Each structure stands twice: as C-alpha cells, then as structure tokens.
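Below is one structure; the comments refer to it alone.
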Amino acid sequence: MSVDALLVQFLNGLAGASTLFLLAVGLSLIFGVTRIVNFAHGSFYMLGIYIAYSLTARIGGSVLGFWGSVVLAALAVGLLGVIVECLLLRRIYRAPELFQLLATFALVLIARDAALAIWGPEDLLGPRAPGLKGAVEILGRQFPQYDLALIFIGPAVLGALWWMLTRTRFGVLIRAATEDREMVGALGVNQAWLFTAVFGLGTLLAGLGGALQGPREPANLGLDLMGIGDAFVVVVVGGMGSIPGAFLAALIIAEIKALCIAIGTVHVFGFDFSFSKLTLVVEFLVMAVVLIWKPLGLLGKPSAASRNSSAVEAPLAPPDKAAKIFGYAVLVLLLLLPVVGQMFPYAVVLMIDILVAVLFAASLHFIMGPGGMHSFGHAAYFGLGAYGAGLLMKQFSMPMEAALGLGPLLAAAGALLFGWFCVRLSGVYLAMLTLAFAQIVWSIAFQWDEVTGGSNGIIGLWPAEWLNQKAAYYYLTLALTVGGVLFLWRVLLAPFGYALRAGRDSPLRADAIGINVFNYQWMAFVLAGTVCGVAGSLFAFSKGTIAPDVIHVGRSIDGLVMVLLGGVQTLAGPVVGAALFTWLQDAVAREFQYWRAALGVAILLLVMVFPLGVAGSVKRLLRRREVAA
Amino acid sequence: MTQANKQGLKRLALAAFTLAAFALTGSALAQSGPIRIGEINSYKAQPAFLDPYKKGMDLAVEEVNAAGGVLGRKFEVITRDDGASPGDAVRAAEELVSREKVDVIAGGFLSNIGLALTDFAKQKKIFFLASEPLTDKIVWQNGNKYTFRLRPSTYMQVAMLVPEAAKLKKKRWALVYPNYEYGQSAAATFKEQLKKLQPDVEFVAEQAAPLGRIDAGAVTQALADAKPDAIFNVTFGGDLAKFVREGNTRGLFKGREVVSLLTGEPEYIDPLKDETPEGWIVTGYPWYGIATPDHQAFFIAYHKKFNDYPRLGSFVGYTTIKALAAGMKKANSVNTDKLITAFSGLTFDTPFGRAMFRPQDHQSTIGAYVGRTTVRGNKGEMKDYVYLDGAKFQPTDAEVKKMRPAD
Chain A
1 MSVDALLVQF LNGLAGASTL FLLAVGLSLI FGVTRIVNFA HGSFYMLGIY
51 IAYSLTARIG GSVLGFWGSV VLAALAVGLL GVIVECLLLR RIYRAPELFQ
101 LLATFALVLI ARDAALAIWG PEDLLGPRAP GLKGAVEILG RQFPQYDLAL
151 IFIGPAVLGA LWWMLTRTRF GVLIRAATED REMVGALGVN QAWLFTAVFG
201 LGTLLAGLGG ALQGPREPAN LGLDLMGIGD AFVVVVVGGM GSIPGAFLAA
251 LIIAEIKALC IAIGTVHVFG FDFSFSKLTL VVEFLVMAVV LIWKPLGLLG
301 KPSAASRNSS AVEAPLAPPD KAAKIFGYAV LVLLLLLPVV GQMFPYAVVL
351 MIDILVAVLF AASLHFIMGP GGMHSFGHAA YFGLGAYGAG LLMKQFSMPM
401 EAALGLGPLL AAAGALLFGW FCVRLSGVYL AMLTLAFAQI VWSIAFQWDE
451 VTGGSNGIIG LWPAEWLNQK AAYYYLTLAL TVGGVLFLWR VLLAPFGYAL
501 RAGRDSPLRA DAIGINVFNY QWMAFVLAGT VCGVAGSLFA FSKGTIAPDV
551 IHVGRSIDGL VMVLLGGVQT LAGPVVGAAL FTWLQDAVAR EFQYWRAALG
601 VAILLLVMVF PLGVAGSVKR LLRRREVAA
Chain B
1001 MTQANKQGLK RLALAAFTLA AFALTGSALA QSGPIRIGEI NSYKAQPAFL
1051 DPYKKGMDLA VEEVNAAGGV LGRKFEVITR DDGASPGDAV RAAEELVSRE
1101 KVDVIAGGFL SNIGLALTDF AKQKKIFFLA SEPLTDKIVW QNGNKYTFRL
1151 RPSTYMQVAM LVPEAAKLKK KRWALVYPNY EYGQSAAATF KEQLKKLQPD
1201 VEFVAEQAAP LGRIDAGAVT QALADAKPDA IFNVTFGGDL AKFVREGNTR
1251 GLFKGREVVS LLTGEPEYID PLKDETPEGW IVTGYPWYGI ATPDHQAFFI
1301 AYHKKFNDYP RLGSFVGYTT IKALAAGMKK ANSVNTDKLI TAFSGLTFDT
1351 PFGRAMFRPQ DHQSTIGAYV GRTTVRGNKG EMKDYVYLDG AKFQPTDAEV
1401 KKMRPAD
C-alpha cells in the first residue's frame, strides 16, 4: 500500500471522527451533569437525520436552505429533548441508580415506531449538500467536498463547546454541576432548569450529528441502536463527561477503522487474515484495551460520589412467613400448570421462556443489586452457556443431558476471565467493559463459521427423548430455575452476600475489616455467570436453535430492563420483572401492529406508577400499611 | 358489465366451485373451518421488504377465498412478528402450532430464522414453506423433507450473474459484501464459479463490511486503490446507498464494470433515486416492464387494492399463498405427509411464469430478472433485462445429494 493511499485513508478517518464526535458529545454532557445513562441518545440522532431529510426535501435546494434545515432539525430535536426531560425524566431523578435507563429504553421503542409511522419503512437517502456535491483531488484521489467540510465542523463544534464551558456562566454552571450537583443546588442555582438546559443541549447535538449525516447515509430505522452503541463506546473510551476525551476517542476509533479497511486482507504464514472483518468489533476491542489500561477512560476524572440518587436501602432480609407462604403457593401453581395446561397448550411453552428469563435476570440481579456491579453485557454468559451446550452436543457428540450439565462451565470460564478484568472498575466503566467483552464474544460466535456456525448459529439442538415432551422439559426448567434462584438467594443471605454488599457500599471500610473486596466481587461474578450459563443451556434445548443474537447487546439490555422493572433492591424484583417483561413482550407483539411502541408505553406507565420497580414499590406499600396499622 | 353483475357471476362461480369441491373432497369437509396458515416474519425489523410482502399475501388470500378457497375451505393467515430473533420465532411457531392449531407454517426473512424454523418443522413434523430466506443451507446442508423454499437462493442468484460477469472478460476483480453468512457465501460462490469459467481471474481486494454499518468512504477508497477492472457487490439496503454515493463521488465506478446482487429489486434500487449508477449488471424485479399476462393481472390487482406498485416482497408474499393453495389442491388434503408428497415436483403459476418445487431438494425454480441499471427521470430502473429460469442455475443432482442429508 502506498503512503498516499494511507494519507487519504487518514483523511477518511478524520471525517468519520467528526461524525462520531458529534454523535457522542451530547451523551457525555448529559451524563456528566445529570448522571442519566440516556439510552435514547441514538434515537435523537436518528430523528435528527429524518427531520433534516424532510426539511431538505422542501427547502434544501439552496446552500442557505440546506444549512438552515440542518440547524432547524437540530433545534427541533433539542426541543423534543427538553419536552422529554420536563415531562418524564424530571419525575424519576431520585429513583435508584440506572432506573432512568428504563425510561429512556422505553423512549427508544416509541421513537422507532413513531419514525416508522411518520416516514415509512423505506430508507430515505437525502440529497447532496448544495455547493459541496463533488469531490476535490487529493494525492491523485477524489475526496468528497462534504467530507472535507465535516473534518472542519467536528473541531469547530469542539471549540465552541470548549468556549462555552470555560468562558460563559452557563458553562461554569455545567462544570460545577458535573463536579457536585448538590452543592450547585445549595448555592441557589435552579437545578431543574440547569438539567433541562443540559439535556436539551445534549439532544440538540445528537440531532445536529444526525442532520449532518443526511448527505452521507440514508435515514433508516436501524440508526438508533447503531448510534447509541457507537456513542457509548466513544464517551467511555474518552472518559465520561470529558468533551476533549470524546473527541480524542472518536479520532482513535475512526482512524483504526479506516486503517483496518485500508489493510484489507493480509496473508500471514499461509493464512488469510481479513482486517476488514475486524471492523465488526474493532471499537469494542479498543474499548476493552483502553479500560483495562486506563479504568477511567483516556481523559476521564474520578467523579464525586453521586448524592442525588435514592437513599441507600436496608440490607436484604430473609423473606417473612407471609412471603414464604406466597412463594409456596406460586410454586404449587407452577407445578400444576402442565396438568391444567391441557386446555392452554401454549401456557407451558411461554412459561418455559419466562422461567429461563427469570434465571437470567436473577443472576444479573445478583451482581447488579447487592454486588453493585452493573453489567451491560450479561448476555455474554447466557450465550456462552447456550453455545457451550450446543458445541458439546454438536462438535463433541455428547448426549444432551451431559451437554446441558457441562455447557454452563463455558460461561463460568468466561466469567472467571472477564470478571478478573471487570471488577477492577466501577460504575459505568465497569458496565461498559462487560459490554465490550460481550460484544467480543458475540463477534467470535458471529465470525467463527466452522465452529459456531457463524451468523446462522447452531441448529438441531433438541432435548433427549425422555425430555422431548413439552411438559417434561417444563419440569426440568422449573426445577433448575427454582433451584438456581433459591441458591442465589441463599448466597445473598449468607455472610458471603453481606460481605459482597459491604464491598459495594463502602469498599474502604469493607477492606478495613478484612474483606477482600476484589475476591468477593470476582467470585460473585463467576457465580452469577455460571447460573446465567445454566439459563443459556436451558434456552438452547428449548428452542432447538441458537444464533449469535443470544449474546447480542439487545439481550443484555432486556436483562437490565427486567431487573429494573421488577426492582433492583428486592430479592423478588428480578423474578417479577422477568416474568412481567417476557409476558408483556409476547402479548403485545401479538395484539398490536406497533408493538414496540405499545411495549414502550407500557414500560413508561410502569416506571411512573412503580418508581422503585414493581416488587420494590409493592414492598414499600405493604410496609407503609404495616407502619400505619 | 356492471358491478352487480360481476358480483353475481363471482358468487355463482363460487357456489359452483364449492359444490365441485364438495363432491370431490368429501372427507376434507369434515373439518369445515378455514385452512389456517401460520406465518412468521420480522415485520418490524425489516419493514421495507415485509410491508409489501404482507400486502402481497393479503391480496393472494383475498383471491383464493374469492375463488371459494381450497378444498372448499377458506384460507386464514395468522401472522406473528418474531422480533428478528430465532428464539422468539421458535416460540411463535410453537404458539401457532399448539394454540392456533395451524395446518402449515410459512415465512421467514433472516437466514438464521429460516434455519431455526426449518429445524423446528423437522422436529415437530409440520409442513414449512420458507418464503423469503436466502441461505443455501435451508435446502442443502440443513434441508429436510418438511421444508420447501420459494425464493431463489443465494447460490441461484449468484449463478445467474456469473456467466454475465465472465462475458465481461475482466481480469482483476474486487469484492465487497456484508459480513455475515449471506454475504460470505455469495462472495465464495462467485469466486468459485467465476474461476471455473475464467481460470485466469484474479481477486485483488475483498471488503467485508459489518451489516448496516459500512464505512463507505474508506471501503470505496480501499477498493479503488486495489485498481480492479471490475467489482462484485453484495451489499444492499442502507449499506448499498452509502456505497453508491461514495463510489459516485470518488469516481470508483468510472470505467469499471460492476456486477451486483439484488440491486435491481425495488426495495433497494428505489431509495437510490437519481444516484442510481448506470450500467451495473444486477438481479432484480423490473415490475414496470414485465408484459406477460400473469404479471399484468397481478400488477393490476395489486395496484387496484393498494394504489401502489408491487415490490419484490409483494411478489414473494403473493406467490407464497398461491403456492400453498396449489399444493393443497394437489394433495387434496392439509395432512403433512400428503402435502410433502404433493409439493415434491409441484408445478404452480406465479406472476413470473410457471415454476416447480424440485423433488431433489425442495427448492422452487422461480428465477429472477437479470439486466443493467439505468436512471429514468430521477428514478433507478433496470433495462435490457431477461427472465432467467431458476431451474437452470442449480448444481448437479449428484452435488445436491452429497450436500443434503438423507431424510
């Protein structure tokens, strides 16, 4: 490859970096001030490109019209952000940490269906930017004028933000709030107004990023999830809340991608290695390396402990008599289900899925709630369990029973390895490292055709003869799920659980009384991973097929939603949340044409009615009654 | 003829048909309810293809039922959205079979879901018509006797383009494809077959872009830097639009031939509008220029019902239902074993002409149109196209036998 070619690829990388930076910088701002993990950021980006498309179709013919519609689209998206903040997020700032994630997840679902209803299913490629339609010759190659413009717009926005943050009163307030929100409030600044303004600015930037992409890619309904993934990676690699960091991260990621594409296929030792295939996962590789090397991202600073979330909850208590009786009653009903289920044959099928989801969510809750380790990549262990079982059966020709028993060991091994790295981090950084590992596992399953079947996955994984009847498999699932959940609860109520929780609430004090916090967290990670692997193995044989989507980030998010929906602070939370979410999804998908939006609205309603999660809020209600009585 | 007259005639025909069916089928009438078809697809994840697909199905069901149904029973289609997840697709299939008591299942868009349902059909011993998924494995490596596939496979579509590619007599080829099974197997088949026809061919660059996330500028430049004489493209949808725009701006296609899979399908060429490149050799569906009576009838009925032109998805949805109707008529039953026997070698009419389900691998012989792209007005279209019969673009029976497990 010539030097010229590399230089032009470097320019391509610069254009990509501007795009990534504009996409991500708003997310970083919002997180810095409000501590909201705004899952809907990619949706705002998507709306930006759609709105800009509609505007340019009307007024985009001239230079002024084009740039006018870009600015208008950004403003419209910013206004939408303000409305969302005022009507929705403002109500739940004091909910448990990460609870806002649920609300923004619901917004993702609603925004996607809204875009489908308004703009229709087809991809919409916008016109080229007037005045920048062609290419200029650089080193003997044609380089798009618009990309050159983008190369300047990114740093210009960075400069403007820097100026605003350092030279204006609003910027001083933002920086102060990033440092210590309570103190800013105590000094008489109207916090509500500040949060609204920052959220509006962040979403406006997302809208701007989207609108500027108009001439480069078609508006389509997949941009929301794509956008949010890229944005998170950039923000975390740069350091949450750091705007220069976001720019640096965008630059590094975009340049490495361009380099991988430029190198293409390389022949080493008789093997062909395709660097272009690496672009599937390269940003997550970068993120994993950066977080292992610098646990706060490239330019991140340790943030002051958040004082704005809800009060620390009381330690978990063993269930009282009433709760136990209720539990037994549920168990009896579950045991009877296949008998009464003759009339409702589908009930057993759905209940198997619910039980698998319950085990998945309970294992996530184990590290997320009492462990304080928010995993955004829990599907990795679910997937490793599923693939473990699948590979043992197909590649090693094991009987199904042995594959089911040994499959989860692959998840355990994965948790042992990844956990060792992850538990060194905390907060969002830990969450993103778990996500990075999950994406790496996903890409391996996706790419390694000969072993994992690639994107098609492994098929033909059916249970042994004696388990082939749905009822038989149901009882097996019920036994393993109930056993697994009770085991996790038992551990949480044992000294191990309390030590784990001590490490979450005060690592320093826990350390001082002789608790090896690292080891406790690591072991908790492995335990949760293994139990999650059991759920994965059960899943594989209940479906007969597994594909890489069992590891995909979508499943990890589903897990988070289940735990948060049920209530992260109770033992029953993940069980209730998993059952509710799985049932809702199944029912809604059948009844509504726009089922994503319907699911989103349902989640929003639950968020409003049960700000501590369903189980958490019910528990508080019961306790209040007791106190009143 | 007045509307009322038409209605009357229709009713008469319907009554006559019902009577005939009554006389013929006897036992089938014991089950008097409608024939229930369980249909599973990624409706909300792939709306650009599946919205028209659903419309095509609706039209066909309406036509079948207006003609009195099949075996004297009406068609009823029960659709489910699988959320683009194979696990959810299997759950939906279980629900359709156990609760809705459907007679057959159909559908599938994504290859992994198609394969999951293929295996489900084998496990539950139920008839499955895979309407849309392209992967070769559905009829070969993972094929089974319960599964039939309607749409031309990846292999067939590539095989239709390879002779055209060989005619170009270009030596240096570059490939770009989405990085998953469909793209990989299309690229592999293309290389293998072109090498056979043109042993001196060289493949100078290969770009595997993540699906939906192609870094089009860098990819375009990397391809140009390899100085190929011709390009084989497998990207589609949003990736294709980005690639085409970058390629046009950067002059990648100037003086180079491009052979491109699926690009002539309205779903993918329409969003390109005036950006559509000139002269690419593509497979597709030129609905604007197919003058056969079968297609005319389909087009007029579709346009009348939806006030829109059909996409390829419409054709696939429509033909799925029509093929099921033809097969059930031939089987004179909806019994799974009888259906399998009837579908093996079943000939049926489609808007593209008559086709058959091959007995050796249950693949239909529906073909595709191959032509060159052009811009007319400010819309992308195909020109100089011909319909290639899918029956002619198959591996030998011996090869199929080797790949496909015995029942």
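Line order of the protein sequences matches chains A and B.
According to the numbering used here, the stretch in the first sequence is residues 1 to 629, in order.
According to the numbering used here, the stretch in the second sequence is residues 1001 to 1407, in order.
Note that beta-carbon positions come from the ideal geometry of N, C-alpha and C, so glycine has one too.
Only a predicted model underlies this, so the values are computations on that prediction, with no experimental measurement involved.
Residue i burial status per 10 Å Cβ neighbour count (16 or more: buried)
i, result
"B/His1303", "exposed"
"A/Thr168", "exposed"
"A/Ser18", "buried"
"A/Gln9", "buried"
"B/Arg1311", "buried"
"B/Ser1032", "exposed"
"A/Ala156", "exposed"
"B/Tyr1288", "exposed"
"A/Thr495", "The sequence shown places Pro at residue 495 of chain A, not Thr. That one is exposed."
"A/Asp113", "buried"
"A/Val568", "buried"
Collapsed DSSP secondary structure at residue i in the structure displayed
i, result
"A/Gly457", "coil"
"A/Thr168", "coil"
"B/Trp1173", "strand"
"B/Leu1029", "Because B/Leu1029 carries a pLDDT of 41, less than 50, the predicted location of this residue cannot be relied on, and no value is offered for it."
"B/Glu1039", "strand"
"B/Tyr1180", "coil"
"B/Gln1198", "coil"
"A/Tyr346", "helix"
"A/Ser18", "helix"
"B/Tyr1309", "coil"
"A/Ile513", "coil"
"B/Lys1006", "Note that B/Lys1006 scores 49 on pLDDT, short of 50, meaning its location in the model is unreliable and no value can be drawn from it."
"A/Ala431", "helix"
"A/Leu7", "helix"
"A/Phe129", "Here residue 129 of chain A turns out to be Ala, not Phe, going by the sequence shown. Note: A/Ala129 maps to coil in three-state DSSP."
Pairwise C-alpha distance: residue j and residue i
i, j, result
"A/Val563", "A/Thr570", "10 Å"
"B/Ile1231", "A/Leu584", "47 Å"
"A/Val332", "B/Asn1041", "36 Å"
"A/Pro611", "A/Gln100", "10 Å"
"A/Leu560", "A/Ala379", "10 Å"
"A/Ser542", "B/Glu1094", "11 Å"
"A/Gly484", "A/Ile36", "32 Å"
"A/Pro507", "A/Val517", "7 Å"
"B/Val1064", "B/Gly1313", "19 Å"
"A/Gly42", "A/Leu336", "45 Å"
"A/Met46", "B/Arg1080", "27 Å"
"A/Glu465", "A/Gly81", "55 Å"
"A/Met183", "A/Val189", "9 Å"
"A/Leu599", "A/Val198", "28 Å"
"A/Ile354", "A/Tyr53", "41 Å"
"A/Phe418", "B/Val1204", "39 Å"
Residue interval of the alpha helix (DSSP H) (run including residue i)
i, result
"A/Tyr475", "Lys470 to Leu493"
"A/His267", "Element bounds for A/His267: not the alpha helix (DSSP H) but the beta strand (DSSP E), Thr265 to Val268."
"A/Leu333", "Lys321 to Val340"
"B/Lys1383", "That residue, B/Lys1383, is in no alpha helix (DSSP H); its beta strand (DSSP E) goes Lys1379 to Leu1388."
Delimiting residues of the beta strand (DSSP E) encompassing residue i
i, result
"A/Thr545", "Gly544 to Ile546"
"B/Thr1365", "Where B/Thr1365 is concerned, there is no enclosing beta strand (DSSP E), given that its DSSP letter is neither H nor E."
"B/Ile1078", "Phe1075 to Asp1081"
For this session: Report the residue ranges of all alpha helix (DSSP H) runs contained in full by the segment 363 to 387 of chain A; include only those spanning at least 4 residues, in chain order.
Result: none
Problem set entry | Runs of alpha helix (DSSP H) lying entirely within the segment 1229 to 1306 of chain B, each at least 4 residues, in chain order | 1237 to 1249, 1266 to 1269 and 1293 to 1306
Exercise. If you scan the segment 248 to 292 of chain A from start to end, which runs of the alpha helix (DSSP H) of 4 or more residues do you find wholly inside it?
Worked result: 275 to 278
For this session: Would you mind listing the beta strand (DSSP E) stretches within the segment 1105 to 1152 of chain B that are 3+ residues and don't spill past its ends, in chain order?
Result: 1128 to 1130 and 1147 to 1149
Problem set entry | Ranges of the alpha helix (DSSP H) found wholly within the segment 134 to 195 of chain A, counting only runs of at least 4 | 145 to 167, 169 to 179 and 181 to 186
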